[in-house]
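In this note's numbering, the protein residues as written are 23 to 384.
Where a beta carbon is used, it is the ideal one built from N, C-alpha and C, also for glycine.
Source: prediction; values computed, not measured.
First comes the structure, then the notes that go with it.
Spelled out as structure tokens, the structure:
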């Protein structure tokens, strides 16, 4: 049951928004369009696969069904695609993937039915954890804070709770499978059980399907979270939001969301371990005669820094305790001096420098 991962095909994470999916599709479609690659037949095959991936992920209902199968391990790599009750197609073309039955039951239902267990007899399972990357500003990563995060995911329907029935609908034993949740098919002395398509492996059917999820039990939803960014966060730092992810089935525990932080750059500050670095420009006269400058810190305040006379370009000064704090350790702020040489001089300035140069010769 190997299948191509459509998110990998488009190069986007599973949490990608509709806009991100559309943007990735347009970029790849332009690159691999057959008209742009007349001498490369593989580009045409790639274009078909990209189009198929976009056709599924851009459709909310198809994407919800696809995500459910993906979480259950149906999509593991390249090769031809197949699904229970559906049609398969190779990346080179053929019939499109049929999602008509994909949302009815997961691979877990198939495996459990083969080994003689019904969904109602299994303990509620926990789905795979949801992973995503969040970009935070340099300052927030340095001193810590909270950032809002919007998470798109396929979760149990909020109206029916995953049961598939409309509010107040009567629940009856499935007439197709007799409440077993599976049906048997085969030929000769060999038979295989598969989840019942009428009740979707539940063993029971509601008198009226849920109008929100159309009886599928799942919906695509967007969850807004306020995520805490620890102080001194680096790119690659991970945090776990326990129980904030989707649930696999009614009564089951919610999965976790694993967030990886990506720290943005800053025009003024940079980082060396727990130290904050920056560069301050001074004029030639300030470097020669000395001065006092006000330096901005990553915490938002300003501190005075004395620049002694005769300071050379590239000289580094240390401001104690103005760096990052982590595990009881405090970093400093390292200030590098950049001496700016004037490009144009007035006649008076030119004369003064020539006189200065004459005195230095002696």
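Residue(s) in a DSSP beta bridge with residue i
| i | result |
| --- | --- |
| residue 91 | Looking at the DSSP assignment, residue 91 forms no beta bridge with any residue, so it has no partner. |
| residue 167 | 251 |
| residue 285 | 158 |
| residue 153 | 280 |
| residue 358 | 301 and 338 |
| residue 326 | 316 |
| residue 205 | 216 |
| residue 187 | 231 |
| residue 176 | 242 |
| residue 352 | 347 |
| residue 84 | Beta-bridge pairing links residue 84 to no other residue. |
| residue 269 | 276 |
| residue 226 | 195 |
C-alpha distance - residue i paired with residue j, whole-angstrom precision
| i | j | result |
| --- | --- | --- |
| residue 200 | residue 225 | 7 Å |
| residue 242 | residue 296 | 41 Å |
| residue 184 | residue 41 | 28 Å |
| residue 64 | residue 169 | 43 Å |
| residue 362 | residue 369 | 19 Å |
| residue 82 | residue 76 | 11 Å |
| residue 289 | residue 73 | 39 Å |
| residue 71 | residue 84 | 16 Å |
| residue 259 | residue 62 | 41 Å |
| residue 217 | residue 274 | 19 Å |
| residue 276 | residue 36 | 17 Å |
| residue 206 | residue 194 | 21 Å |
| residue 51 | residue 29 | 15 Å |
| residue 100 | residue 280 | Caution applies to residue 100, whose pLDDT of 40 falls short of 50 and renders its modelled position unreliable; the value that the coordinates give is listed next. Going from the Cα of residue 100 to the Cα of residue 280 covers about 26 Å. |
| residue 175 | residue 264 | 15 Å |
| residue 268 | residue 192 | 26 Å |
| residue 299 | residue 90 | 47 Å |
| residue 346 | residue 354 | 7 Å |
| residue 126 | residue 294 | Residue confidence is low: residue 126 scores 39 on pLDDT, short of 50, so the model does not pin down where it sits. Its coordinate-derived value is still stated next. Those two C-alpha atoms are separated by around 53 Å. |
| residue 190 | residue 234 | 14 Å |
| residue 283 | residue 306 | 41 Å |
| residue 349 | residue 246 | 30 Å |
| residue 153 | residue 177 | 15 Å |
| residue 78 | residue 92 | 13 Å |
| residue 377 | residue 371 | 10 Å |
| residue 27 | residue 39 | 17 Å |
| residue 181 | residue 244 | 15 Å |
| residue 385 | residue 352 | This structure does not reach residue 385, given that the chain is present from 23 up to 384, and the question cannot be answered. |
| residue 53 | residue 33 | 14 Å |
| residue 49 | residue 87 | 25 Å |
| residue 302 | residue 266 | 45 Å |
| residue 367 | residue 373 | 9 Å |
| residue 58 | residue 67 | 13 Å |
| residue 380 | residue 338 | 31 Å |
| residue 383 | residue 364 | 22 Å |
| residue 47 | residue 257 | 27 Å |
| residue 3 | residue 188 | Outside the shown range of the chain (23 to 384) lies residue 3, about which nothing can therefore be said. |
Pair within 8 Å by beta-carbon distance, residue i and residue j
| i | j | result |
| --- | --- | --- |
| residue 278 | residue 172 | no |
| residue 356 | residue 304 | no |
| residue 163 | residue 261 | no |
| residue 314 | residue 324 | no |
| residue 156 | residue 31 | no |
| residue 255 | residue 158 | yes |
| residue 386 | residue 179 | Lying before the first or after the last residue shown, residue 386 is absent from the chain, which here runs from 23 to 384. |
| residue 69 | residue 56 | yes |
| residue 308 | residue 329 | yes |
Boundaries (first-last residue) of the beta strand (DSSP E) holding residue i
| i | result |
| --- | --- |
| residue 263 | 260-263 |
| residue 292 | 292-294 |
Rounded distance between the beta-carbons of residue j and residue i, thought under 8 Å
| i | j | result |
| --- | --- | --- |
| residue 220 | residue 230 | Going by Cβ atoms, the distance from residue 220 to residue 230 rounds to 15 Å, so no, they are not a contact pair. |
| residue 167 | residue 251 | 5 Å |
| residue 80 | residue 44 | 7 Å |
| residue 186 | residue 239 | 5 Å |
| residue 287 | residue 160 | 6 Å |
| residue 291 | residue 310 | Not really, about 28 Å apart at Cβ, beyond 8 Å. |
| residue 343 | residue 331 | Contact doesn't hold; Cβ gap of about 26 Å is too wide. |
Residue span of the alpha helix (DSSP H) that contains residue i, given as start and end
| i | result |
| --- | --- |
| residue 367 | Looking at the DSSP string, residue 367 is not in any alpha helix (DSSP H), and its letter there is neither H nor E. |
| residue 58 | Unbroken run through residue 58: none, as it is neither H nor E. |
| residue 193 | That residue, residue 193, is in no alpha helix (DSSP H); its beta strand (DSSP E) goes 193-195. |
| residue 30 | 28-32 |
| residue 307 | 306-311 |
Interface flag, residue i vs chain C, CB-CB below 8 Å
| i | result |
| --- | --- |
| residue 263 | Absent from the structure is chain C; it holds one protein chain and no more. |
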